[in-house]
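Trainee: I have a structure I would like to understand better, so I am pasting it below and will then ask my questions one at a time.
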Amino acid sequence: MASKKTPPTTPEEGATPSEPNIPVQPVALQDEMERSFLDYAMSVIMARALPDVRDGLKPVHRRIIWDMEEQGFRPDRPFVKSARVSGDTMAKYHPHGDTAIYDALVRMAQPFSLRHPLIAFHGNYGSPDFGPAASRYTECRLHPLAMHLLADIDENTVDMVDTYDGSREEPVVLPARFPNLLVNGCQGIAVGMATNIPPHNLGEVIDACIHLLMNPEATTDDLMAFVKGPDFPTGGSILGRSGILDAYRTGRGSIKMRATAAIEETKRGGMQIVVTELPYQTSCSAIAGRIQELVDNGELDGIADVNDGSSGGKTYLTIQLKRDANANVVLNNLFKQTQLQTSFGVNMVALVDGVPRQLTLVDALNGYIRHQIEVLTRRTTFRLDKAQRRLHLLEGRIKALDVIDQIIKLIRESEDAPAAKASLMNPPYEFSEVQAIDILDMQLRQLTRLSRIDLETEMGQLNERIAELEGILADDVKLRAVISEEMLAIRAEFATPRVCPVTFDSGDMSIEDLVDDTALVVVMTEAQYVKTVLASNFRSQGRGGKGVTGAKLKTDDIVKRVIFTSAHAYLLFFSNRGRVYRLRAHELPERERATKGVPIVNLLPLQLGETIEAIIDTRNFDAERFLFFATRDGVVKKTAFNEYDNGRRDGLIALNLRDNDELVRVIETSGTDEIFMVSKSGMTIRFSETEVRPMGRAAA
264 MASKKTPPTT PEEGATPSEP NIPVQPVALQ DEMERSFLDY AMSVIMARAL
314 PDVRDGLKPV HRRIIWDMEE QGFRPDRPFV KSARVSGDTM AKYHPHGDTA
364 IYDALVRMAQ PFSLRHPLIA FHGNYGSPDF GPAASRYTEC RLHPLAMHLL
414 ADIDENTVDM VDTYDGSREE PVVLPARFPN LLVNGCQGIA VGMATNIPPH
464 NLGEVIDACI HLLMNPEATT DDLMAFVKGP DFPTGGSILG RSGILDAYRT
514 GRGSIKMRAT AAIEETKRGG MQIVVTELPY QTSCSAIAGR IQELVDNGEL
564 DGIADVNDGS SGGKTYLTIQ LKRDANANVV LNNLFKQTQL QTSFGVNMVA
614 LVDGVPRQLT LVDALNGYIR HQIEVLTRRT TFRLDKAQRR LHLLEGRIKA
664 LDVIDQIIKL IRESEDAPAA KASLMNPPYE FSEVQAIDIL DMQLRQLTRL
714 SRIDLETEMG QLNERIAELE GILADDVKLR AVISEEMLAI RAEFATPRVC
764 PVTFDSGDMS IEDLVDDTAL VVVMTEAQYV KTVLASNFRS QGRGGKGVTG
814 AKLKTDDIVK RVIFTSAHAY LLFFSNRGRV YRLRAHELPE RERATKGVPI
864 VNLLPLQLGE TIEAIIDTRN FDAERFLFFA TRDGVVKKTA FNEYDNGRRD
914 GLIALNLRDN DELVRVIETS GTDEIFMVSK SGMTIRFSET EVRPMGRAAA
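If you're matching positions, the sequence shown starts at 264 in our numbering and goes up one per residue.
Here it is, written out as structure tokens:
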């Protein structure tokens, strides 16, 4: 039978050693909260949320690109799994979630997020409506343009710092041979601040940068001759320049964006609106859903169906219209009530010398230019030192050629390499230590094959190169010219035309902006059918002309009113019950000559038994003009035109009628006209309009 193990009874056998005495430092809670919050805020600002003005990258983007460069995932190499990149970046440089790293990686590959993507991608990188495929399914490598962010990084162009665990080094900033901050923009939310920088056209930004490089006193207005405005990768258009001016002059502004839409005729003869480009950072499916919601709620008229046919990165949203709908009016309402027109709030905040700054266009480019001057200066210094070291070695080799036999003998007779080196550095040879080591590192057959001509030729080339490099360092104009030449080379290779034009439309929508002010003929029949016909459909005829059909009429129907007007004019519809309704002429359905039009009750909220008796067209509502009314009972009234400058949808009271009386006619007058009235029985009356005093709109 096994005996139970006796528990230890002495401290030596099993007692827990006493905890060390750690001094406790009392701290005020308020002070600790303040210090901890500031540390957290600065960590988010400096290490996560805000880009650097020099390379336009946040730390996570910079680390992804640097890791891919270190791993050799360059444009001339095969694609690799995205999971490998995000995992490697997390392990070596960025100790945060792999999901956040993968999202940042994918965003640099999305052509609808960046104007010029920095990552080449294989697989589903998502869309504005849907996210990307999982990292295990996608592949990536650096885009050729990204190599210009890394150009010359091995020539001491930027500072390197230890990574979070001290196991390796990473760059503080990339050399960035093009102004990436403006080219691809950036969005981020820090603590107490945020940034929202729109993408721009590479060619335009480089042109502006070169102009400022060569003309340091250039103003924002000067640079805007090159940078027309943001160039959103999803296309569409920018409305007006006021928001752009605010953003470039102050660092903050609101830029109006509008989708690209066209009105097309369907195969069945109907009309549809086709949207092919959307404002930046909007979703086609969300817009389609919003349109359908507005239609279902009765807030949008004239739409029969909405279909989102987008696929393969191409936007194709079709909006089918009802037959009696005015396509321009529907499109105008879509712009007003959906994200087919929206705004981009510019907030140009970036780190300048490690401090968050609100940047104007000039500030952003100057920050980049200062970085490029430093990068090129360091690169030139590195290359100059390298050339001078090589020249020094060649001088030693030429010197060795003159005494090559003695040197070979000396090396053979020396006990070891240190002794040979010392002999070469001492009289009579007096080589430098570097030259002596170079000679000793060469094999005997190399020493015997040294060619004075080859060495002198290379020395001549090196002397020219050294003079060139020293000239660049000594002359600021030459240094700036080199920067300009290298940026122009990038422009020639990667610049593309604008995809998002800037229009001079302010975006304050009005019908006149969308509808041509064409001449129209308004036709209304006794049966209350109304339509507009293009005046160009009617032509003058000579003697003996037979005329043309102006309207197709129902049995026993007759044409009641014909008005010649234009599309932008207001039409005032006066009903038999003394009410007035207002529409624009273009809001009436446009039809061919030989059609009957649509019932006017479909256009105006008429009550049962209410009919339109008169139509007046006008461009403005002047107080100097008047409307003269006549009722069935012979009552007349005169009211100033400006009393009707109100477009309520349910109409206005034009005049108060007595019981069983009806309005029969309305005409426009000057206030001093002669009025001539004829009754059904043939009786007439003529009088001066001045005999009738003006009355208010609602007066009887």
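For glycine and all other residues, C-beta sits at the position ideal for the given N, C-alpha and C.
Between which two residues does the beta strand (DSSP E) carrying Ala-434 extend?
Mentor: On the sequence shown, residue 434 is found 171 positions in, with the first residue counted as 1. In the sequence as presented, Ala is not what sits at residue 434; that position holds Pro. Taken as a continuous stretch (DSSP letters only), the beta strand (DSSP E) holding Pro-434 covers 432-434.
Trainee: Would Val-609 pass as a contact of Pro-619 if the rule is Cβ separation under 7 Å?
Mentor: By 1-based counting over the sequence shown, the position of residue 609 is 346. By 1-based counting over the sequence shown, the position of residue 619 is 356. No, Cβ-Cβ distance for Val-609 and Pro-619 is not below 7 Å.
Trainee: Which of the three DSSP states, helix, strand or coil, is assigned to Gly-608?
Mentor: Taking the sequence shown and counting its residues from 1, one reaches residue 608 at position 345. The answer is strand: DSSP assigns Gly-608 an E or B state.
Trainee: Ends of the alpha helix (DSSP H) at Met-477?
Mentor: Numbered from its first residue, the sequence shown carries residue 477 at position 214. Looking at the DSSP string, the run of the alpha helix (DSSP H) that includes Met-477 is 465-477.
Trainee: Which whole-angstrom value describes the C-beta separation of Thr-795 and Leu-835, a residue pair presumed to lie in contact below a C-beta threshold of 8 Å?
Mentor: Residue numbering aside, residue 795 sits at position 532 when the sequence shown is read from its first letter. Residue numbering aside, residue 835 sits at position 572 when the sequence shown is read from its first letter. The Cβ separation is near 15 Å, so there is no contact.
Trainee: Look at the alpha carbon of Pro-274 and the alpha carbon of Pro-289, and state the distance between them as a whole number of angstroms.
Mentor: In the sequence shown, counting from the first residue as 1, residue 274 sits at position 11. In the sequence shown, counting from the first residue as 1, residue 289 sits at position 26. The predicted model places Pro-274 with a pLDDT of 48, which falls under 50 and marks its position as unreliable; any figure quoted below should be read in that light. Looking at the two C-alpha atoms, the distance is approximately 33 Å.
Trainee: Check for me: the alpha helix (DSSP H) holding Gln-635 runs from which residue to which?
Mentor: Within the sequence shown, the letter at position 372 stands for residue 635. That run of the alpha helix (DSSP H) goes 624-665.
Trainee: Here's the rule: buried if 16 or more other CB atoms are within 10 angstroms of the residue's CB, otherwise exposed. What is Pro-314?
Mentor: Reading the sequence shown from its first residue, position 51 is the one you call residue 314. Looking at its Cβ environment, which holds 16 or more other Cβ atoms inside 10 Å, Pro-314 is buried.
Trainee: Tell me whether the beta-carbon of Thr-932 lies closer than 7 Å to the beta-carbon of Phe-889.
Mentor: On the sequence shown, residue 932 is found 669 positions in, with the first residue counted as 1. On the sequence shown, residue 889 is found 626 positions in, with the first residue counted as 1. Taking 7 Å as the cut-off, the beta carbon of Thr-932 is found closer than this to the beta carbon of Phe-889.
Trainee: Return the chain-ordered list of same chain residues with a C-beta closer than 7 Å to the C-beta of Glu-721, the five sequence neighbours on each side being excluded.
Mentor: Here residue 721 refers to the residue found at position 458 when the sequence shown is read from its first residue. Apart from sequence neighbours up to five positions away, the residues of its chain that approach Glu-721 with a beta-carbon distance below 7 Å are Leu-657, ordered along the chain.
Trainee: Could you check what DSSP says for Asp-294 in three-state terms: helix, strand or coil?
Mentor: As a working note, residue 294 is residue 31 in the sequence shown. Three-state result, Asp-294: helix.
Trainee: Output the distance between the C-alpha atoms of Phe-441 and Leu-412, rounded to the nearest integer angstrom.
Mentor: Locating residue 441 in the sequence shown gives position 178, counting from the first residue. Locating residue 412 in the sequence shown gives position 149, counting from the first residue. Phe-441 and Leu-412: Cα-Cα distance of roughly 7 Å.
Trainee: Am I right that Ile-566 and Ile-582 are in contact with their C-beta atoms under 8 Å? What's the rounded C-beta distance?
Mentor: For the purposes of this step, residue 566 is taken as the residue at position 303 of the sequence shown. For the purposes of this step, residue 582 is taken as the residue at position 319 of the sequence shown. About 6 Å separates the beta carbons of Ile-566 and Ile-582, which is inside the 8 Å limit, making them a contact pair.
Trainee: May I ask you to report which of helix, strand or coil DSSP gives Ser-747?
Mentor: Here residue 747 refers to the residue found at position 484 when the sequence shown is read from its first residue. DSSP places Ser-747 in helix when its eight states are reduced to three.
Trainee: What's the C-alpha gap between Arg-956 and Lys-943?
Mentor: On the sequence shown, residue 956 is found 693 positions in, with the first residue counted as 1. On the sequence shown, residue 943 is found 680 positions in, with the first residue counted as 1. Distance between the alpha carbons of Arg-956 and Lys-943: 26 Å.
Trainee: How about Ala-848 and Thr-828: are their beta carbons less than 7 Å apart?
Mentor: By 1-based counting over the sequence shown, the position of residue 848 is 585. By 1-based counting over the sequence shown, the position of residue 828 is 565. In contact: Ala-848 and Thr-828 (Cβ atoms closer than 7 Å).
Trainee: Between Gly-455, Ala-383, Ser-398, which has its C-alpha nearest Ala-363's C-alpha?
Mentor: Your numbering for residue 363 matches position 100 in the sequence shown. Of the candidates Gly-455, Ala-383, Ser-398, Ser-398 places its Cα closest to the Cα of Ala-363.
Trainee: According to DSSP, what are the bridge partners of Ala-782?
Mentor: For this step, residue 782 is matched to residue 519 along the sequence shown. Note: Ala-782 sits in a beta bridge opposite Ser-829.
Trainee: By the three-class DSSP mapping on this structure, what secondary structure does Glu-906 have?
Mentor: What you label residue 906 is simply residue 643 of the sequence shown in a count that begins at 1. Glu-906: helix per DSSP, three-state reduction.
Trainee: Among the candidates Ile-460, Gln-535, Tyr-833, whose CA atom is the shortest distance from the CA of Ile-507?
Mentor: Sequence index remark: in the sequence shown, residue 507 carries index 244 (1-based). Among Ile-460, Gln-535, Tyr-833, the Cα nearest to that of Ile-507 belongs to Ile-460.
Trainee: Considering Cα atoms alone, identify which of Gly-860, Ile-821, Gln-870 is closest to Phe-837.
Mentor: For this step, residue 837 is matched to residue 574 along the sequence shown. Of Gly-860, Ile-821, Gln-870, the residue nearest in Cα terms is Gln-870.
Trainee: Classify Glu-332 as buried or exposed, calling it buried when 16 or more other Cβ atoms lie within 10 Å of its own Cβ.
Mentor: As a position in the sequence shown, residue 332 is number 69, starting the count at 1. Under this definition Glu-332 is a buried residue.
Trainee: For Ala-265, I'd like the list of residues in its chain whose CB is within less than 7 Å of its CB, leaving aside the five on either flank, ordered along the chain.
Mentor: If you number the sequence shown from 1, residue 265 lands on position 2. Residue placement at Ala-265 cannot be trusted, given a pLDDT of 42 that sits under 50; what the coordinates show is reported in the next sentence. Once the five neighbours on either side are set aside, Ala-265 has no close Cβ partner at all.
Trainee: Rounded to the nearest angstrom, what separates Ala-978 and Gln-651 at their Cα positions?
Mentor: Residue 978 cannot be examined here, being either before or after the span of the chain that is shown, 264 to 963.
Trainee: On the CB-based measure, 16 or more other CB atoms within 10 Å of its CB, does Ser-517 come out buried or exposed?
Mentor: Your numbering for residue 517 matches position 254 in the sequence shown. With fewer than 16 Cβ atoms within 10 Å of its Cβ, Ser-517 is classed as exposed.
Trainee: In this structure, how does DSSP classify Cys-547 when only helix, strand and coil are distinguished?
Mentor: For the purposes of this step, residue 547 is identified with residue 284 of the sequence shown, where counting begins at 1. Residue state, collapsed to three classes: helix.
Trainee: On the DSSP letters alone, give me the boundaries of the alpha helix (DSSP H) that Asn-570 sits inside.
Mentor: On the sequence shown, residue 570 is found 307 positions in, with the first residue counted as 1. It is not in any alpha helix (DSSP H) - Asn-570 instead sits in the beta strand (DSSP E) that spans 566-571.
Trainee: Between Gly-533, Asp-587, Leu-597, which has its C-alpha nearest Ala-524's C-alpha?
Mentor: Position 261 of the sequence shown holds residue 524. Ala-524 has its Cα closest to that of Leu-597, out of Gly-533, Asp-587, Leu-597.
Trainee: To the nearest angstrom, how far is the alpha carbon of Arg-660 from that of Gln-698?
Mentor: If you number the sequence shown from 1, residue 660 lands on position 397. If you number the sequence shown from 1, residue 698 lands on position 435. If you draw a straight line from the Cα of Arg-660 to the Cα of Gln-698, it is about 8 Å long.
Trainee: Would you call Glu-276 buried or exposed, if buried means 16 or more other Cβ atoms sit within 10 Å of its Cβ?
Mentor: If you number the sequence shown from 1, residue 276 lands on position 13. Residue confidence is low: Glu-276 scores 48 on pLDDT, short of 50, so the model does not pin down where it sits. No coordinate-derived value is stated.
Trainee: One question on the structure: do His-385 and Phe-336 come within less than 7 Å of each other, judged by their Cβ atoms?
Mentor: Position 122 of the sequence shown, counted from the first residue, corresponds to residue 385. Position 73 of the sequence shown, counted from the first residue, corresponds to residue 336. It is not a contact, given that the beta carbons lie outside the stated cut-off.
Trainee: Quick check: the Cα distance between Ile-826 and Ile-469, rounded to an integer number of angstroms?
Mentor: For the purposes of this step, residue 826 is identified with residue 563 of the sequence shown, where counting begins at 1. For the purposes of this step, residue 469 is identified with residue 206 of the sequence shown, where counting begins at 1. So the two alpha carbons sit approximately 57 Å from each other.
Trainee: If I'm right that His-379 touches Val-446 with Cβ under 8 Å, what's the distance once you round it to whole angstroms?
Mentor: Along the sequence shown, read from residue 1 onward, the residue named residue 379 stands at position 116. Along the sequence shown, read from residue 1 onward, the residue named residue 446 stands at position 183. Right, their Cβ atoms sit about 6 Å apart.
Trainee: What runs of the beta strand (DSSP E), each 3 residues or longer, lie entirely inside the region 888-958?
Mentor: 889-894, 899-903, 926-932, 937-941, 947-951
Trainee: For Met-296, count neighbouring Cβ atoms within 10 angstroms of its own Cβ and tell me buried if that reaches 16, exposed if not.
Mentor: Within the sequence shown, the letter at position 33 stands for residue 296. When all chains shown are included, Met-296 counts as exposed.
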